[in-house]
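Data block below; observations after.
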């Protein structure tokens with residue numbers, strides 16, 4: 002991937018090799034995905050997010066909170082370049098209007114060819130709540146050739162207008178069975194299988210709070226392959242959106258907590274990055 | 002301090018210099034306390050505790066939870082040896098029956114002379130709830146010459162039996178004004194001033210949840226000089242005792258969150274130790 006500095010877009014990011022080498026054992030290999038069987042029924046799943054010391058993602062629901070430093074932002078974009086897809090829940094899509102692309106220097110749209118290195122944005126929206134248009138940030142970026150067209154995971158069908166927009170950006174729809182659960186919960190095994198069938202070999206799950214807490218709960222913890230968490234040296238206090246999984250089963254039984262193995266702590270600016278794998 | 006290995010008690014702990022050197026900028030100097038004015042109106046305050054990734058101290062109220070590894074335990078005892086006193090709230094005293102002494106190799110009772118290096122245990126019990134006897138662990142250890150006699154901070158007086166026991170162990174009572182607050186809250190400025198008057202130049206505050214959350218709240222954050230937190234790579238989940246300060250003032254106004262400066266992250270076994278100072 003040639004990237005003469007004269008072509009380097011001003012909004013691109015770089016992440017130093019000295020840091021990325023610590024992460025490599027925890028991310029799917031970009032070439033061939035040799036640490037994950039390509040025929041697998043689910044993609045390699047990396048769960049990643051940034052919290053305060055009191056495990057808050059943000060100061061209040063719907064309020065984006067600058068938690069971690071610029072190095073952490075660059076790391077997120079580096080990690081995005083190493084995955085086929087990135088995933089957020091509908092709450093995050095609505096609240097943050099996120100870019101959901103990769104701005105690391107050298108990927109497609111940021112000095113590189115075509116859409117090389119750009120992950121597919123996946124938005125999980127079981128009830129079809131997300132009202133996006135071509136002005137929605139990730140749609141705009143896809144149109145500009147700075148990101149891929151999104152995949153919408155829903156059990157509620159979609160309007161023809163939405164479908165048309167997604168198709169025009171080479172995105173699409175994944176229909177999952179509607180659950181009988183009125184709590185708007187999706188079955189993560191089903192979602193990941195459907196993504197594997199679409200050719201997604203690796204996915205980075207980024208948030209928000211509901212998605213992270215579901216995946217960390219005993220029901221889904223085994224679906225995670227790798228965890229990369231940034232912790233910032235601050236407290237956000239009560240009333241924030243918190244990562245704190247429900248450790249009881251549906252029958253109300255308290256089950257063992259989730260623990261990581263193969264742990265590595267990497268200081269990054271004022272923050273620390275924790276890498277690990279679920280201890281099943 | 003001579004400490005021939007033949008004299009080394011089997012229950013003593015060691016903490017390697019390679020790790021302790023990272024901590025030294027964050028602890029009061031044991032000789033002379035030169036980084037803290039001796040005439041200060043309050044002791045040098047180190048706040049220290051261990052949490053899970055979801056900021057839980059334990060899995061449920063009153064349930065001691067083994068969170069951090071053996072290195073972290075040794076660190077706690079090393080830190081205790083560097084402070085004049087260690088402090089816990091009455092909830093912890095009742096729930097855990099803690100030893101509240103220092104078992105680092107070479108301190109008094111663990112290979113050293115007399116009670117050299119042993120901190121004074123301080124228990125904050127505004128309403129006089131703690132029913133201790135000579136069988137209570139920290140009293141027993143004091144009697145055996147393996148720890149100092151405790152100081153009880155209360156606004157409720159004490160029974161003569163309790164007073165007699167404390168006196169017999171060279172411990173004592175600190176009377177603070179009873180607050181009008183029915184929530185059993187103590188005024189931390191007042192407690193720390195009273196301890197300074199007793200000659201306590203440095204204190205390590207260890208828990209439990211209520212004490213930590215009070216000190217991290219905007220009202221008291223400025224009283225902390227140093228923070229040393231261990232984070233274990235595990236989630237305990239909902240229903241635990243959580244460090245998450247109340248960031249609203251009594252008038253209900255949301256105030257800025259607590260942040261640390263001079264941050265250092267030190268990996269320690271599977272855990273990480275965060276050292277920092279409150280950014281006021």
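Protein chains in written order, with the numbering used here: chain Y, 2 to 281; chain R, 2 to 281. Think of the CB as a built atom: it goes at the ideal place given N, C-alpha and C, for glycine as much as any other residue.
Quick one: is residue i buried, meaning 16 or more other Cβ sit within 10 Å of its Cβ, or exposed?
i: residue 157(R); result: exposed
i: residue 64(Y); result: exposed
i: residue 281(R); result: exposed
i: residue 33(Y); result: Caution applies to residue 33(Y), whose pLDDT of 42 falls short of 50 and renders its modelled position unreliable; the value that the coordinates give is listed next. Residue 33(Y) is exposed by the Cβ-count criterion.
i: residue 267(R); result: buried
i: residue 17(Y); result: exposed
i: residue 178(Y); result: exposed
i: residue 171(Y); result: exposed
i: residue 248(R); result: buried
i: residue 198(Y); result: exposed
i: residue 44(R); result: buried
i: residue 59(Y); result: buried
i: residue 26(Y); result: exposed
i: residue 202(Y); result: buried
i: residue 75(R); result: buried
i: residue 119(R); result: buried
i: residue 53(R); result: buried
Within this structure, are the beta carbons of residue i and residue j separated by less than 8 Å?
i: residue 273(Y); j: residue 234(R); result: no
i: residue 15(Y); j: residue 229(Y); result: no
i: residue 167(Y); j: residue 151(Y); result: yes
i: residue 246(Y); j: residue 218(Y); result: yes
i: residue 193(R); j: residue 224(R); result: yes
i: residue 147(R); j: residue 98(R); result: no
i: residue 204(Y); j: residue 216(Y); result: no
i: residue 123(R); j: residue 86(R); result: yes
i: residue 270(R); j: residue 70(R); result: yes
i: residue 19(R); j: residue 105(R); result: no
i: residue 68(Y); j: residue 207(Y); result: no
i: residue 1(Y); j: residue 130(Y); result: Nothing can be reported for residue 1(Y): it is not among the residues displayed for chain Y, which extend from 2 to 281.
i: residue 141(R); j: residue 135(R); result: yes
i: residue 187(Y); j: residue 127(Y); result: yes
i: residue 254(R); j: residue 232(Y); result: no
Give every residue of the same chain whose Cβ lies closer than 8 Å to the Cβ of residue i, excluding the five residues on either side of it in the sequence, and list them in chain order.
i: residue 55(R); result: 236, 237, 238, 241, 243
i: residue 211(R); result: 90, 92
Cutting at 7 Å between CB atoms, please list the residues of its own chain near residue i, excluding the five before and the five after it.
i: residue 28(R); result: 47, 80, 83, 227
i: residue 221(R); result: 189, 215
i: residue 252(Y); result: none
With DSSP as the reference, label residue i as helix, strand or coil.
i: residue 231(R); result: strand
i: residue 75(R); result: helix
i: residue 108(R); result: coil
i: residue 201(Y); result: coil
i: residue 265(Y); result: strand
i: residue 187(R); result: coil
i: residue 127(Y); result: coil
i: residue 281(R); result: coil
i: residue 49(Y); result: strand
i: residue 210(R); result: helix
i: residue 245(R); result: coil
i: residue 175(Y); result: strand
i: residue 272(Y); result: strand
i: residue 34(R); result: Because residue 34(R) sits at a pLDDT of 47, beneath the cut-off of 50, its placement in the model cannot be relied upon, and the point is left open.
i: residue 81(Y); result: helix
i: residue 286(Y); result: There is simply no residue 286(Y) to check, as chain Y begins at 2 and stops at 281 in what is shown.
i: residue 155(R); result: strand
i: residue 95(Y); result: helix
i: residue 195(Y); result: helix
i: residue 61(R); result: strand
i: residue 14(Y); result: strand
i: residue 219(Y); result: coil
i: residue 44(Y); result: coil
i: residue 122(R); result: strand
For residue i, which residues in the same chain have their Cβ closer than 6 Å to its Cβ, ignoring the five residues on either side in sequence?
i: residue 116(Y); result: 109, 149
i: residue 275(Y); result: 230, 266
i: residue 260(Y); result: 280
Interface residues of chain C around residue i at Cβ under 8 Å?
i: residue 62(Y); result: The question asks about chain C, but that chain is absent: this structure's protein chains are Y and R.
Between residue i and the ligand COA, is the CB less than 7 Å from at least one heavy atom?
i: residue 137(R); result: This structure lacks the ligand COA; in fact it carries no ligand of any kind.
At a CB distance below 7 Å, what residues from the segment 240–268 of chain Y approach chain R? Give them in sequence order.
244, 245, 246, 247, 248, 258, 259, 260, 261, 264, 266, 268
For the segment 101–131 of chain R, which residues have a CB atom closer than 7 Å to at least one CB atom of chain Y, in sequence order?
none
Please list, in chain order, the residues of the segment 224–235 of chain R that have any C-beta partner in chain Y closer than 8 Å.
230, 232, 234, 235
Under 9 Å (Cβ pairs) to chain Y, residues found in the segment 47–62 of chain R
52, 53, 54, 55, 56, 57, 60, 61
Give the residues from the segment 68–80 of chain Y that approach chain R closer than 7 Å (Cβ to any Cβ), ordered along the chain.
none
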